[in-house]
Every structure is written in C-alpha cells, then in structure tokens.
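Asks:
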Amino acid sequence: MIKIMIVDDHHAVLEGTKNLFNDVDDIIVDASDNVYEIHKMINENRSFYDVYLVDINMPEQNGIVLCSKIRTYQPTAKVILYTGDNIEDYYSLLLDKLVHGVLSKTATKEQVIHTIRETLKDSLVIPANFIDFVKNHYNDGDNEDTLKLNDREQQLLQYVSMGYSNSVIAKELQVSQRTIERNLSQLFNLLNVTSRSEAVMVAKERNLF
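According to full-length UniProt numbering, the stretch in the sequence shown is residues 1 to 209, in order.
1) Look at the alpha carbon of Met-201 and the alpha carbon of Leu-98, and state the distance between them as a whole number of angstroms.
2) Please report the residue range of the alpha helix (DSSP H) in which residue 255 lies.
3) Between which two residues does the alpha helix (DSSP H) containing Ala-203 stretch?
4) Going by beta carbon distance, what residues of the same chain come within less than 7 Å of Asp-96, once the five residues before and after it are set aside?
5) Taking Val-102 as part of the beta strand (DSSP E), name the residues at either end of that continuous run.
6) Is Glu-153 buried or exposed, if buried means 16 or more other CB atoms sit within 10 Å of its CB?
7) Is it true that the CB of Gln-61 sits closer than 7 Å to the CB of residue 211?
8) Any idea what DSSP makes of Asp-30, helix, strand or coil?
9) Could you give the C-beta distance for Ile-2 and Ile-27, rounded to a whole number, given that I count them as a contact under 8 Å?
10) Pull up the CB-CB distance for Asp-33 and Leu-20, whole angstroms please, since I reckon it's below 8 Å.
11) Does the Cβ of Asp-55 have 16 or more other Cβ atoms within 10 Å, making it buried, or fewer, making it exposed?
12) Can you give the Cα-Cα distance for Leu-173 and Asn-57, rounded to whole angstroms?
13) Would you kindly work out how many angstroms separate the C-alpha atoms of Gln-111 and Cys-67, rounded to a whole number?
14) Classify Gly-63 as helix, strand or coil using the three-state DSSP reduction.
15) From the DSSP secondary-structure annotation, give me the bridge partner or partners of Asp-55.
16) For Tyr-82 and Ser-47, what's the separation of their Cα atoms in angstroms?
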C-alpha cells in the first residue's frame, strides 16, 4: 500500500484532494492543515508516509521549508509541492533536487495519481516547458558558472539591492507580498544563498544583473 499525507491549510482543497483517491485501492490517504502537527508526527511519533503532497502557502510555515524538514526527518520520503500558483515558479527546486515533483492544484485526478506513482519509481514527471526553463537559465558552454536569471529575477535583485522591503516590492510589481516571498525563496535557491544581502553580493560577483 502507498501511504500519502496531504498538507494544506484550505479545508476545501484538503478534502477535495483527499477524495481523488477514494476509489484507488492501493493508496491510503491522510490529511492535515497543521504544519506543526506534521513536524511532531514525523519527528517525535516517527509516523512516516511514502509521499507528501505539500501546499506552498501556509500561515505557520512556508511549504518549501516544510518539504526540507520532511526530507531531513525522513530521507526516503517523496515530497511533491502542490500549488495553486504558476508551477514554473518552482522549477528551480526540481533542478536543485529540493523536491521530487511539482503539481498544480488544477491537475486532473489521473495526473495527480500518475505523478505520485512515477515519483515513487524515482521518475521525474515534468511539463514540456520545463525544458525551456532549463535553456533560459543555463547556457550550453563549458563555463561552470552558467546560471542566467530571467527578467523578473533580475528585477527582484535590483529592488533588493536598493533596500526595498518585500511589501514595497510587491506594490511596485502589483502582486501580493507572499508572491514576492516565494519568488525570493526560489531566487535564493538558484543562487545557493540564505539572505538578501548575500543574494545581491553573489549576483554581482557573477554579473547576473
């Protein structure tokens, strides 16, 4: 049997996703809307699952951070981001092997189940435009420093270098502050840094903006 844990703070989404597996005989599904419950369950109670479907936007903790914690507690687990955002925003996490897959909440039942089964086989299920993402971010040359940033990423770095807060950047770009936080998190992963100042320093050293 395949054991799946769904983590999402929206009850309607949580129940709807859980119901996708009602008639799947070899899958057992549990669900939680509490990040700290997941931490306790895995770290203290040692209750493990084969696959974790994790929402990005949760009030207690960013889903990306939770994915990292899950993999620390349970290295053999398969972790799939489950998001209502544009999944292209999280392709860098696949490249860096921080997650095993990215699924849109608009995915069909068949797509969700197929992705889970393939992930358990250590196969990566990716949309066709993932190849475009790789091409846009990495050159084909032999230079080991081949990372390239897209226009939005360069724009974010420019604002960060000017000392703009996340809320100010969000107003400038007319998006939510949480979107900026997610975009910066992705950018930090691309640059392999942990802070705004480090991101600017590394990007300037590598002439990325």
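Where is the CB? At the ideal position from N, CA and C, for every residue including glycine.
Values in this document were obtained by computation on a predicted structure and should not be read as measured data.
Replies: According to the structure shown:
1) Taking the first residue of the sequence shown as position 1, residue 201 is located at position 201. Taking the first residue of the sequence shown as position 1, residue 98 is located at position 98. Cα to Cα, Met-201 sits roughly 23 Å from Leu-98.
2) Here the chain comprises residues numbered 1 to 209, so residue 255 is not present and cannot be evaluated.
3) Along the sequence shown, read from residue 1 onward, the residue named residue 203 stands at position 203. Ala-203 -> alpha helix (DSSP H) spans 196-205.
4) Start at 1 with the first residue of the sequence shown, and residue 96 comes out as number 96. These residues qualify, in order along the chain: Asn-189.
5) Within the sequence shown, numbered from 1, the residue matching residue 102 stands at position 102. First-last of the beta strand (DSSP E) with Val-102: 101-104.
6) Taking the sequence shown and counting its residues from 1, one reaches residue 153 at position 153. Flag for Glu-153 reads buried.
7) Because the chain here runs from 1 to 209, residue 211 falls outside it and cannot be looked at.
8) Locating residue 30 in the sequence shown gives position 30, counting from the first residue. Strand.
9) What you label residue 2 is simply residue 2 of the sequence shown in a count that begins at 1. What you label residue 27 is simply residue 27 of the sequence shown in a count that begins at 1. Contact holds; Cβ gap of about 5 Å.
10) Within the sequence shown, the letter at position 33 stands for residue 33. Within the sequence shown, the letter at position 20 stands for residue 20. Contact doesn't hold; Cβ gap of about 17 Å is too wide.
11) For the purposes of this step, residue 55 is identified with residue 55 of the sequence shown, where counting begins at 1. So Asp-55 ends up on the buried side.
12) In the sequence shown, residue 173 corresponds to position 173, counting from 1. In the sequence shown, residue 57 corresponds to position 57, counting from 1. Looking at the two C-alpha atoms, the distance is approximately 19 Å.
13) Taking the first residue of the sequence shown as 1, we reach residue 111 at position 111. Taking the first residue of the sequence shown as 1, we reach residue 67 at position 67. Their backbone Cα atoms lie some 21 Å apart in a straight line.
14) Locating residue 63 in the sequence shown gives position 63, where the first residue counts as 1. Secondary structure of Gly-63 (DSSP, three-state): helix.
15) As a working note, residue 55 is residue 55 in the sequence shown. Answer is Tyr-82, bridged to Asp-55.
16) Locating residue 82 in the sequence shown gives position 82, where the first residue counts as 1. Locating residue 47 in the sequence shown gives position 47, where the first residue counts as 1. Roughly 21 Å between the two C-alpha positions.
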